[in-house]
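Quick note on this note's numbering: the sequence shown kicks off at -10 and runs consecutively.
Where a beta carbon is used, it is the ideal one built from N, C-alpha and C, also for glycine.
All figures in this text were calculated on a predicted structure; none of them were measured in a lab.
Okay, so here's the structure we're looking at.
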Amino acid sequence: MKKYELIGETQTLDNGFRKVVLNRIRALKDFGNVKAGDIGGWIECEKNLSQKGDAWVGGDAKVYGNAIVRDNAKVYDNAKVCGNAKVYDNAIVYDSAKVYDNAKVCGSAKVCGNAIVRDNAIVYMPNHVLVIGAIGSRNDFTTFYRGRDGQIMVRCGCFGGTLDTFLRVVDKTHGSNHYADVYRAAAKVAELQINLK
-10 MKKYELIGET QTLDNGFRKV VLNRIRALKD FGNVKAGDIG GWIECEKNLS
40 QKGDAWVGGD AKVYGNAIVR DNAKVYDNAK VCGNAKVYDN AIVYDSAKVY
90 DNAKVCGSAK VCGNAIVRDN AIVYMPNHVL VIGAIGSRND FTTFYRGRDG
140 QIMVRCGCFG GTLDTFLRVV DKTHGSNHYA DVYRAAAKVA ELQINLK
């Protein structure tokens, strides 16, 4: 027996590349913390959310493209999971977090706030991602996360790359001003928090 169904309520999302029609879901049976009849979030099609396990998309969360939520993973609030991203095991993505490209969030990881996890990142422990903000010249959130290749990756405004490259860009853009000091301090905290061993 299926655990959820598409209820016929749709919304169109223009993601810049194509228009995506998302479908609202409803639980057909009790599982995990979900009760039969609960209205869930939005998926493009059933391949985005497994009918097995306790996986769930709730609130106003959106999962589309080739993205998959499975096992006991949860995506809720205003979170987005798209592209070829995968959220599985007991991972949770919530608040306004975004997981996309080929990123994987798994294990007991929690991605929240305004975090952005993308590219080929793998986040499988809670301490593999750190969101700090609002900081810097843009007064925005900066996300540090453990990359697939074992490096610390950074998303800050339109910048996306390694921690070393981020620090070089900070030096070039801000020199030794207050913003540079704050970005360097955040980078140091990220190095201490995100265990690469």
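Looking at C-alpha atoms only, which residue of Arg13, Ala16, Ser165, Gly54 is the closest neighbour of Gly5? As a working note, residue 5 is residue 16 in the sequence shown. That would be Gly54, whose Cα lies nearest to the Cα of Gly5.
Straight-line Cα distance separating Ala80 from Phe20: Counting from one through the sequence shown, the residue named residue 20 turns up at place 31. Counting from one through the sequence shown, the residue named residue 80 turns up at place 91. Roughly 16 Å between the two C-alpha positions.
Environment of Lys87 [buried if 16+ CB atoms lie within 10 Å]: Stepping through the sequence shown from its first residue, residue 87 is reached at position 98. By the 10 Å Cβ count, Lys87 comes out buried.
With a floor of 3 residues, list each beta strand (DSSP E) that falls wholly inside the stretch 20 to 84, ordered by position along the chain. 28 to 32
Which one of Ala110, Cys147, Ile121, Phe155 has the shortest CA to CA distance from Arg135? To locate residue 135, count along the sequence shown from 1; it is residue 146. Looking at the Cα atoms, Ala110 is the closest of the given residues.
Considering only C-alpha positions, which residue in the set Met114, Ile141, Gly122, Asp90 is nearest to Gly102? Residue numbering aside, residue 102 sits at position 113 when the sequence shown is read from its first letter. Checked all of Met114, Ile141, Gly122, Asp90; the closest Cα to Gly102 is Gly122.
Proximity below 7 Å, CB of Ala44 to CB of Tyr65: Position 55 of the sequence shown, counted from the start, is the residue given in the question as residue 44. Position 76 of the sequence shown, counted from the start, is the residue given in the question as residue 65. It is not a contact, given that the beta carbons lie outside the stated cut-off.
Rounded to a whole number of angstroms, what is the C-alpha to C-alpha distance between Asp84 and Cys145? Locating residue 84 in the sequence shown gives position 95, where the first residue counts as 1. Locating residue 145 in the sequence shown gives position 156, where the first residue counts as 1. Distance between the alpha carbons of Asp84 and Cys145: 18 Å.
Could you tell me which residues DSSP puts in a beta bridge with Gln182? Residue mapping note: residue 182 aligns to position 193 of the sequence shown, counting from 1. DSSP output for Gln182 lists no bridge partner at all.
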